[in-house]
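A.B. asks:
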Amino acid sequence: MNPVVMQLTVRGLLGRRRSVLLLILPALLLGLAALTRWAADGSPSASAGLTGDFAMGTLLPLMCLLVGTGVIGPEIDDGSIVYLLAKPVPRRTILLSKLAVALGATVVLAVLPIMAGAAIAGDEGFRLTAAYGLAALLAGVTYTTIFVTLSVLTRNAVIAGLLYALLWESVLGGFVPGVRDASVRQWALAAAERVLGPDAAGWGVQSDVSMPAGLILLAVVTVGATWLAIARLKTLRLTAAD
Amino acid sequence: MSAIVLDKVSRWYGNVVAVNDVTMTVGPGITGLLGPNGAGKSTLISMMGGFLAPSAGIVALDGGHVWKNPEIYRRIGLVPEAEAMYDTATGAQFLLANARLHGLADPGAAARRALELVEMVEPSDRAIATYSKGMKQRIKMATALVHDPAVLLLDEPFNGMDPRQRLHLMDLLRRLAAEGRTVLFSSHILEEVEQIADTIEVLVAGRHAASGDYRRIRRLMTERPHRYTLASSDDRALGAALVADGAADGVTLAGGALLVQASDFGRFVHALPRVARDAGVRLRDVSPSDESLESVFAYLVAR
Numbered sequence: 316m317n318p319v320v321m322q323l324t325v326r327g328l329l330g331r332r333r334s335v336l337l338l339i340l341p342a343l344l345l346g347l348a349a350l351t352r353w354a355a356d357g358s359p360s361a362s363a364g365l366t367g368d369f370a371m372g373t374l375l376p377l378m379c380l381l382v383g384t385g386v387i388g389p390e391i392d393d394g395s396i397v398y399l400l401a402k403p404v405p406r407r408t409i410l411l412s413k414l415a416v417a418l419g420a421t422v423v424l425a426v427l428p429i430m431a432g433a434a435i436a437g438d439e440g441f442r443l444t445a446a447y448g449l450a451a452l453l454a455g456v457t458y459t460t461i462f463v464t465l466s467v468l469t470r471n472a473v474i475a476g477l478l479y480a481l482l483w484e485s486v487l488g489g490f491v492p493g494v495r496d497a498s499v500r501q502w503a504l505a506a507a508e509r510v511l512g513p514d515a516a517g518w519g520v521q522s523d524v525s526m527p528a529g530l531i532l533l534a535v536v537t538v539g540a541t542w543l544a545i546a547r548l549k550t551l552r553l554t555a556a557d
Numbered sequence: 107m108s109a110i111v112l113d114k115v116s117r118w119y120g121n122v123v124a125v126n127d128v129t130m131t132v133g134p135g136i137t138g139l140l141g142p143n144g145a146g147k148s149t150l151i152s153m154m155g156g157f158l159a160p161s162a163g164i165v166a167l168d169g170g171h172v173w174k175n176p177e178i179y180r181r182i183g184l185v186p187e188a189e190a191m192y193d194t195a196t197g198a199q200f201l202l203a204n205a206r207l208h209g210l211a212d213p214g215a216a217a218r219r220a221l222e223l224v225e226m227v228e229p230s231d232r233a234i235a236t237y238s239k240g241m242k243q244r245i246k247m248a249t250a251l252v253h254d255p256a257v258l259l260l261d262e263p264f265n266g267m268d269p270r271q272r273l274h275l276m277d278l279l280r281r282l283a284a285e286g287r288t289v290l291f292s293s294h295i296l297e298e299v300e301q302i303a304d305t306i307e308v309l310v311a312g313r314h315a316a317s318g319d320y321r322r323i324r325r326l327m328t329e330r331p332h333r334y335t336l337a338s339s340d341d342r343a344l345g346a347a348l349v350a351d352g353a354a355d356g357v358t359l360a361g362g363a364l365l366v367q368a369s370d371f372g373r374f375v376h377a378l379p380r381v382a383r384d385a386g387v388r389l390r391d392v393s394p395s396d397e398s399l400e401s402v403f404a405y406l407v408a409r
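Chains as they are written, first to last, in the working numbering: chain A, 316 to 557; chain B, 107 to 409.
(1) Report yes or no: is there a C-beta of chain B within less than 8 angstroms of the C-beta of residue 325 of chain A?
(2) I'd like the span of the beta strand (DSSP E) that includes residue 321 of chain A, first residue to last.
(3) Can we say the region 227-241 of chain B touches the region 280-291 of chain B, given the rule of at least three CB pairs closer than 8 angstroms?
(4) Using CA atoms only, rank isn't needed, just tell me which of B/144, B/149 and B/154 is closest to residue 109 of chain B.
(5) CB-CB under 7 angstroms to residue 220 of chain B, same chain, minus the five flanking residues each way: which ones, in chain order?
(6) Measure the C-alpha to C-alpha separation of residue 273 of chain B and residue 408 of chain A and round it to an integer number of angstroms.
(7) Please go through the same chain and pick out, in chain order, the residues whose beta-carbon is closer than 6 angstroms to the beta-carbon of residue 331 of chain B, but skip the five residues on each side of it.
(8) Tell whether a beta-carbon distance below 8 angstroms holds between residue 503 of chain A and residue 526 of chain A.
(9) Take residue 304 of chain B as the anchor and find which of B/295, B/293, B/321 and B/389 has the nearest alpha-carbon.
(10) Between which two residues does the alpha helix (DSSP H) carrying residue 212 of chain B extend?
(11) Are the CB atoms of residue 136 of chain B and residue 278 of chain B within a distance shorter than 8 angstroms?
(12) If contacts are defined as beta-carbon pairs under 8 angstroms, then residue 437 of chain A and residue 358 of chain A qualify, I think. What distance do you get, rounded to the angstrom?
(13) Residue 485 of chain A and residue 372 of chain A look like a contact to me (Cβ under 8 angstroms); what is the Cβ gap, rounded to whole Å?
(14) Just curious, the alpha helix (DSSP H) that residue 204 of chain B is in, first and last residue?
(15) Can you pull the chain A residues whose beta carbon is under 8 angstroms from the beta carbon of residue 179 of chain B, in chain order?
(16) Within a Cβ cutoff of 7 angstroms, which residues of the same chain sit near residue 362 of chain A, ignoring the five residues on either side of it in sequence?
(17) For residue 397 of chain A, which residues from the same chain have a beta carbon less than 8 angstroms from its beta carbon, with the 5 sequence-adjacent residues on both sides left out?
(18) Between residue 107 of chain B and residue 133 of chain B, what straight-line distance do the alpha-carbon atoms span, to the nearest angstrom?
(19) Could you tell me whether any Cβ in chain A is nearer than 8 angstroms to the Cβ of residue 239 of chain B?
(20) Of all the options B/255, B/256, B/254 and B/223, which has the alpha carbon lying nearest to the alpha carbon of residue 241 of chain B?
(21) Residues bridged to residue 357 of chain B by DSSP?
(22) Which class does residue 174 of chain B belong to by DSSP, given the choice of helix, strand or coil?
(23) Can you pull the chain A residues whose beta carbon is under 9 angstroms from the beta carbon of residue 126 of chain B, in chain order?
(24) Could you work out which residue in A/329, A/364 and A/345 is closest to residue 518 of chain A when comparing CA atoms only?
(25) Would you mind listing the alpha helix (DSSP H) stretches within the region 263-294 of chain B that are 4+ residues and don't spill past its ends, in chain order?
(26) What separation, rounded to the nearest whole angstrom, lies between the Cα atoms of residue 319 of chain B and residue 161 of chain B?
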């Protein structure tokens, strides 16, 4: 890790206009959570519905997309990444520093609000909060890493990521059973299901994969994506259209 | 003293050859990389700076490979053509970050020294976003100089500068070269290059077209045959008179115009009005038909 790279990354992530979205989306979730509590009188299954569908299915991938494509993609696009690359700092260190900032931002801006949302909307002894917190953390780490890698691989990372998050994870995952086995969300939910134990089915927390399989798949994808991003950054082509 | 050595370097993108079999050594002093737009100058500088792998050949700095070797950046300072920087930071913050990324012993002092070198100390507490183009260019220079590199690579550094800024940068580059550094900059303007470069390397359509000091390049460029298109009251008589006078090497009558080829530019322009008057021919139009820089370069390549 390189503290200077991390500082510049934080500045870039929060200094852009779209960083406003990073605050609006979690605020929206907390507002909906308060509404849900008021309407359903704090029932854990209503809370599980909001958290499972909106928070995990839509908010988390979107937040990870905003964060993941915001830490390195804009610098590659406008060419200012050259000021980091033209330094005697290993490219691996540059990428890992940026990834660390992205993961930190994901935890603070997405995982913690999702936990708060579950607690506000309705919970029993914070069990739902803990279960969804774990699932959001696992899914958030993997999503963010995927999106960071995408933005090193392609200039169209935002569009590619949006298609992936909306089509693959949300829509196809809802209709095509086979796709659900290959979905970050399902892998992470396996952990939530295990934490809740016998109550999981009653609250509608279900995953199509077992917890060990889910954790292994999450780890493989996260590590693989990180490795790919480092390899790509080492040979990143930096030249104007000459 | 450092030198960048290119040995039979080529770079192609798919079917397009951007740099074609270039061999050159860039040593201490100022070297100007001259060529029209699209000649492959940026591609060549990218390869020298370790940002692009040569498709064939070797780029080396003091005997060590440049590609995939971040350690070279302790000796190389790079001024990219791209304008973008970390705009929300102030000039001073950005310089300090660059100095710290280099792992310098006293980054604060190094950042200050670099800002003084480009005369940007006073505005350095303002955000980079508020700077003019010329100020940004100077901050870019400062980031490239912050670690006191032996080699400085500049991609089109004079683009968009006003005359005063241009003189200032030329002066700075001369001082850096006088200290024994290797300075290479690219440009598509001959006058710019010949004002400060000790050595000129001409790149045209990806090929190394000519190399030498500015006098040699200038001679190559002025001694080429010049072509003019003339219109007059009697093209046939004027053409005959020009050839008889010896001011023109060849004339062609085509499509109601007189095409003239002259190898001695100075002699032709002085002779033309005199010859026309003596022959009693009225000149209606005289226009150079190949004065574009591209045609000058094309001539160099064809030689």
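Think of the CB as a built atom: it goes at the ideal place given N, C-alpha and C, for glycine as much as any other residue. Because the structure is a prediction, the values reported are computed rather than measured.
C.D. replies: Walking through what the data contain:
(1) Here residue 325 of chain A is taken as the residue at index 10 of the first sequence, counted from 1. No, because no Cβ of chain B sits closer than 8 angstroms to the Cβ of residue 325 of chain A.
(2) Within the first sequence, the letter at position 6 stands for residue 321 of chain A. From DSSP, residue 321 of chain A is part of no beta strand (DSSP E) but of the alpha helix (DSSP H) over 318-330.
(3) no
(4) Here residue 109 of chain B corresponds to residue number 3 of the second sequence, with the count starting at 1. Nearest option by C-alpha distance: B/154.
(5) Residue numbering aside, residue 220 of chain B sits at position 114 when the second sequence is read from its first letter. Cβ neighbours of residue 220 of chain B beyond the five flanking positions: 201, 248, 251 and 252.
(6) Working through the second sequence from its first residue, we reach residue 273 of chain B at position 167. Working through the first sequence from its first residue, we reach residue 408 of chain A at position 93. If I take the Cα positions, the gap works out to 39 angstroms.
(7) Locating residue 331 of chain B in the second sequence gives position 225, counting from the first residue. Once the five neighbours on either side are set aside, the close Cβ partners of residue 331 of chain B are 367 and 369.
(8) As a working note, residue 503 of chain A is residue 188 in the first sequence. As a working note, residue 526 of chain A is residue 211 in the first sequence. No, the Cβ-Cβ distance between residue 503 of chain A and residue 526 of chain A is not below 8 angstroms.
(9) Here residue 304 of chain B refers to the residue found at position 198 of the second sequence. It is B/321 whose Cα lies nearest to the Cα of residue 304 of chain B.
(10) For the purposes of this step, residue 212 of chain B is taken as residue 106 along the second sequence, with counting starting at 1. That residue, residue 212 of chain B, is in no alpha helix (DSSP H); it is neither H nor E in DSSP.
(11) Counting from one through the second sequence, the residue named residue 278 of chain B turns up at place 172. Counting from one through the second sequence, the residue named residue 136 of chain B turns up at place 30. Between residue 278 of chain B and residue 136 of chain B, the C-beta gap is not smaller than 8 angstroms, which leaves the two residues out of contact.
(12) The count along the first sequence starts at 1 and reaches residue 437 of chain A at position 122. The count along the first sequence starts at 1 and reaches residue 358 of chain A at position 43. Confirmed, about 5 angstroms.
(13) Start at 1 with the first residue of the first sequence, and residue 485 of chain A comes out as number 170. Start at 1 with the first residue of the first sequence, and residue 372 of chain A comes out as number 57. With a Cβ gap of about 5 angstroms, residue 485 of chain A and residue 372 of chain A count as contacting.
(14) Working through the second sequence from its first residue, we reach residue 204 of chain B at position 98. Start and end: 197-207.
(15) Here the question's residue 179 of chain B lines up with position 73 in the second sequence. Near residue 179 of chain B (Cβ distances below 8 angstroms), the residues of chain A are 401, 402 and 403.
(16) Counted from its first residue, the first sequence places residue 362 of chain A at position 47. For residue 362 of chain A, where only same-chain residues beyond five positions count, the Cβ hits under 7 angstroms are 351, 433, 436, 437, 438 and 443.
(17) Start at 1 with the first residue of the first sequence, and residue 397 of chain A comes out as number 82. The residues are 553.
(18) Position 1 of the second sequence holds residue 107 of chain B. Position 27 of the second sequence holds residue 133 of chain B. Taking the straight line from one Cα to the other gives about 8 angstroms.
(19) As a working note, residue 239 of chain B is residue 133 in the second sequence. No, residue 239 of chain B lies away from the interface with chain A (no Cβ there is under 8 angstroms from its Cβ).
(20) Here residue 241 of chain B refers to the residue found at position 135 when the second sequence is read from its first residue. Cα-wise, what sits closest to residue 241 of chain B is B/223.
(21) Within the second sequence, residue 357 of chain B is the residue found at index 251, counting from 1. Looking at the DSSP assignment, residue 357 of chain B forms a beta bridge with B/366.
(22) To locate residue 174 of chain B, count along the second sequence from 1; it is residue 68. Of the three classes helix, strand and coil, the one that applies to residue 174 of chain B here is coil, per DSSP.
(23) To locate residue 126 of chain B, count along the second sequence from 1; it is residue 20. Here the premise fails: no neighbours, minimum Cβ distance about 13 angstroms.
(24) For the purposes of this step, residue 518 of chain A is taken as the residue at position 203 of the first sequence. Minimum Cα distance to residue 518 of chain A is reached at A/364.
(25) 269-284
(26) Here residue 319 of chain B corresponds to residue number 213 of the second sequence, with the count starting at 1. Here residue 161 of chain B corresponds to residue number 55 of the second sequence, with the count starting at 1. Roughly 29 angstroms between the two C-alpha positions.
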